Structure formats: C-alpha cells, structure tokens
Amino acid sequence: MMNELFDDYAKGMGKYSLSEDQKDQMARRLADAVLARERDSASAVGTASGVTRPATRRHAWWRAAAAAAALTAALGLGGVAYATGTLTDVQGIFDDIFAGAPAATEVVNKVGHPLDATSSDGGITVTADAVIGDRSNYVVVLSLAKDDGTPFEGLSATKDGKLNLMFGTEDVMVDGVRGAYGSSYFYDRDPSDNSIQFVRQISLVDSQSLVGKTMRVSLGDLRLLDDSGSVSTLADAGWKLKFKMDYEDSSIDLPAGQGIEVGGIKGQLREASLSSIALKLGYELDEAANVPEGPSGRMGDQMSARIDQLLDLGTVTLNMRDGTTVEVTDNGGGSFDDNSATSTTVEKSLFLPQAIDPTQVESVSLAGATIPVA
1 MMNELFDDYA
11 KGMGKYSLSE
21 DQKDQMARRL
31 ADAVLARERD
41 SASAVGTASG
51 VTRPATRRHA
61 WWRAAAAAAA
71 LTAALGLGGV
81 AYATGTLTDV
91 QGIFDDIFAG
101 APAATEVVNK
111 VGHPLDATSS
121 DGGITVTADA
131 VIGDRSNYVV
141 VLSLAKDDGT
151 PFEGLSATKD
161 GKLNLMFGTE
171 DVMVDGVRGA
181 YGSSYFYDRD
191 PSDNSIQFVR
201 QISLVDSQSL
211 VGKTMRVSLG
221 DLRLLDDSGS
231 VSTLADAGWK
241 LKFKMDYEDS
251 SIDLPAGQGI
261 EVGGIKGQLR
271 EASLSSIALK
281 LGYELDEAAN
291 VPEGPSGRMG
301 DQMSARIDQL
311 LDLGTVTLNM
321 RDGTTVEVTD
331 NGGGSFDDNS
341 ATSTTVEKSL
351 FLPQAIDPTQ
361 VESVSLAGAT
371 IPVA
C-alpha cells in the first residue's frame, strides 16, 4: 500500500515542473504538517522546532568562536551550534523524493570518500572529498574549483594555513543529529592546482553512530575578506550536496577517574577517548556552574569569563611513543549541565591539529593529569 501511494504521488508530481525554491517550500510545508501532528501527540518536553528533550536535564552549548565574531571573520573561520534533528529528518525525506537519493560513500583506510557528490553554480563546482569521524565527532572536507580552470585570486593565509574566505550561508547537517557545535575553515591542500578546500569540524552533544545517516550540505555566497576586514562576494551562488556518512571509528577508550583542575576548580575526569581526529572528554567540577546571565540574552564579559573557566583546558599534550609531542590548543567549546547546585558536568571534544594513529600515543597530559593510553 505504501509503495502504491508513493508511485501514485510520483506520477502526479511528474505532470508538474517545480523550481528548486518551490520544491524546498513544499518540503517545508509537508515537514511542518508532520511536526505539528507529532507535537500534538508528544508526551516528552519539546521545543518549538520539534526537538524532544528530557524534562530533567538542560544542556548549554557554547563555542569560543561565537564570543568574538570579528576574530572569526578575520581568521576566515565559521562556527555553528544547533539543536535540531526531527525537522531535518522530515525535510530530508521529501528532499530525497524530489532530488533523488544521496550519493554513496566508499571507505578506504577508514576514511569515507563520497562518490559523485558535486554541485555547480556561479562558475564554481563544489565536490565532497572525504568524511572521517568517531562516535562523537566528524570532519567533512569539500573541494571548490572554478569551472574555467583558473585559480582563485586575492587569497591570503594565516600562519596556520587558513584562507581568508567564508560562506555567506553555511548549513552542514546529518539526519538524526539533535545537538552539535563546531567550526569551519578554508585551506589550500595543493597550491599547484586550481582547487581549494573547505573543512567542517563538528562535535556531537550526544555520542552516536552516524554511519549510514545522510549528510546534507547547503552553502551560499562565497566571500573574500581583505586585510582591512572588508568583505566582497566572489560568487553569488548556492550549492547543495548530500551523501551517506560512512567511515571507520578509530576511537580508543582511555582510563578515567583522575583528579583534574580546570580554571582553578578541582574535579574528576569521568570519561575519555582518543581517535585519529579528536580527543573526547567528560569531567565533573566540584562547583556549580552559576553562569551569570548576559545583557538582553547576549554573552556579557562575566558570562564569557565564567564559561571559559569551566570549559577551557588551555593546552593539551599528546605524548607520542616515539618521544615527540603533539600540542592541542583548546578553544573552549563544549557543553555543560547546570542543574546541580554543587557540581558541573562537562562534555567536550578537542579536534587535533593533525590526523594521528591513536595507537602511537603513549599518554595524554591535560588539566594537571596524565592519562595513559593502553
């Protein structure tokens, strides 16, 4: 019966020619109708976006990049924090009906390589190159190339290689993910060719497997930032891609229970894991969060300082088995539970500055503790 219904629906839609905007609007209307019905019958506590959350727990998501938008723009970085899931899932169903199934992804050496996931507009083609992840984090790499074969002009890089580019709009989401935070940047992997790379790093608030889920990418307006901070548009265009998430998780669980000190507050490490791309941590501080409210809902100085105190680990060091070290600078991102009157529970991930083999790490030094890697 369900197949017959979709067959009849497809035949009926075949009589009409809809623009991409019309398709998006129809998908949104259908999604809204489904969500309205779900909200009417939901027994859990929900938000206006249709997200259901337990009534007894409240999370707060924070990104260091959000506290200084000007710095973010100057570095060519972008940031995101969102709590969603259901709406994306429902819209995605109809997007798949209208625009076809997502591209398949092939896994080679634990890295997923989407097959034929491309989008062209405004003389620029965006291609999904790779996705790698673990149970709490993922990294997506896209390449941009001008269709006429010429290189991008006016680019400059920071000392760590980040380019002075940004997208005007940037949505990179995975179906079923209800809370996440992260950042993005551009770099040039091979200056001898005419392509540049866009990297999106995302940490999940609640760990889960993303393998088999659909990644949906929507980007708009490629922009250039000059040395004075002025922004110009390189391409007034939009790009949409979708592909299946597939990769092999390389995470290693680390022993926990050590005493730590974060921002002068003592606490205990509750959980830790290390993968080829990130260090995932959970810890509890022996002090209530007590984050002061910002003025008119904005992040004030006191609010920002308190969040930094709870979340910023400073420099974390990976001690490699060959005697070298890898230093990871914490930018203060993470989530915390502020319900307790006596303690603060924190969950956070730190993306590594380079991909590593976690089996080659001997120990991890952070917050006054050294964690051995078995």
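The C-terminal position of the sequence shown is numbered 374 in this note's numbering, with every residue numbered one higher than the one before it.
Glycine included, C-beta positions come from ideal geometry on N, C-alpha and C.
Since we're looking at a predicted model, the values are computed, not measured.
### Query
Nearest to S273 by alpha carbon, out of K162, R321, T324, S250?
S250
### Task
Can you check the segment 144-213 for any alpha helix (DSSP H) of at least 4 residues that lies completely inside it and give the ranges in chain order?
none
### Message
Please report the straight-line C-alpha distance between S120 and E170, rounded to a whole angstrom.
### Response
16 Å
### Message
One question on the structure: do S136 and K280 come within less than 8 Å of each other, judged by their Cβ atoms?
### Response
yes
### Query
Distance, Cα to Cα, N319 vs G257?
20 Å
### Task
Could you work out which residue in D286, S203, S195 is closest to I277 when comparing CA atoms only?
S203
### Message
Using the three-state DSSP reduction, which class does R135 fall into: helix, strand or coil?
### Response
coil
### Per-residue DSSP class, three states only, for Q309
helix
### Task
Out of R321, D227, E284, point me to the one whose CA is closest to L155's CA.
D227
### Query
Shortest alpha-carbon distance to E362 belongs to which of G259, K348, F336, L254?
L254
### Task
Kindly indicate which three-state DSSP category D357 falls into: helix, strand or coil?
coil
### Message
Nearest by alpha-carbon distance to R321: which of T315, E271, P372, A288 is it?
### Response
P372
### Query
Is P295 helix, strand or coil by DSSP?
helix
### Message
Rounding to the nearest angstrom, what Cα-Cα distance links Y181 and L310 in this structure?
### Response
17 Å
### Cβ shell of M403 (< 8 Å), same chain only, five flanking positions each side left out
Shown here, the chain extends from 1 to 374; a query on residue 403 therefore has no answer.
### Query
Thinking C-alpha only, which one of T150, D357, E347 is nearest D206?
E347
### Neighbourhood of W239 by C-beta, 7 Å cutoff - its chain only, sequence neighbours within 5 removed
S119, D121, V126, L219
### Query
Can you give the Cα-Cα distance for L241 and P358, rounded to whole angstroms?
31 Å
#### Entry: For V107, the nearest candidate out of F243, S349, L313, S304 (CA to CA)
F243
### Message
Among the candidates G259, G332, A341, whose CA atom is the shortest distance from the CA of A289?
### Response
A341
### Message
For L366, which residues in the same chain have their Cβ closer than 6 Å to its Cβ, ignoring the five residues on either side in sequence?
### Response
L313, V316
### Task
Closer than 8 Å by C-beta to R223: which residues in its own chain qualify, once you throw out the five before and the five after it? Chain order, please.
L165, M166, F167, G168, V231, S232, T233, L234
#### Entry: For V217 and F152, the rounded distance between their alpha carbons
22 Å
### Query
Skipping 5 residues on each side, what residues in its chain have a beta carbon closer than 6 Å to that of S349?
S136, N137, S203, A278, K280
### Residue of V364, Y283, D129, L115 minimising C-alpha distance to I252
V364
### Query
Do you know offhand how far L163's Cα is from T325's?
26 Å
### Task
Classify Q268 as helix, strand or coil using the three-state DSSP reduction.
strand
### Message
For Y247, report the span of its beta strand (DSSP E) as first-last.
### Response
Taken as a continuous stretch (DSSP letters only), Y247 belongs to no beta strand (DSSP E), as it is neither H nor E.
### Query
Relative to the C-alpha of S343, which residue among A128, L285, G333 is closest?
L285
### Query
Taking DSSP as the reference, what is the three-state secondary structure of L77?
Here L77 scores only 42 on pLDDT, less than 50, and its place in the model is too uncertain to base an answer on.
### Query
Buried or exposed: which applies to Q201, given that a residue is buried once 16 or more other Cβ atoms fall within 10 Å of its Cβ?
buried
### Query
What separation, rounded to the nearest whole angstrom, lies between the Cα atoms of P114 and V140?
10 Å
### Query
Given that a residue counts as buried once 16 or more other Cβ atoms are within 10 Å of its Cβ, and exposed if not, what is R298?
exposed
### Task
Spatial neighbours of D221 within its chain, please: CB distance less than 8 Å, with the 5 preceding and 5 following residues excluded, ordered by chain position.
F167, G168, T169, T233, A235, D236, A237, G238
### Query
Does the separation of the CB atoms of G345 and F336 fall below 8 Å?
Sequence check: residue 345 is Thr here, not Gly. It is a contact, given that the beta carbons lie within the stated cut-off.
### Message
Using DSSP's beta-bridge definition, name the partner residues of S232.
### Response
L224
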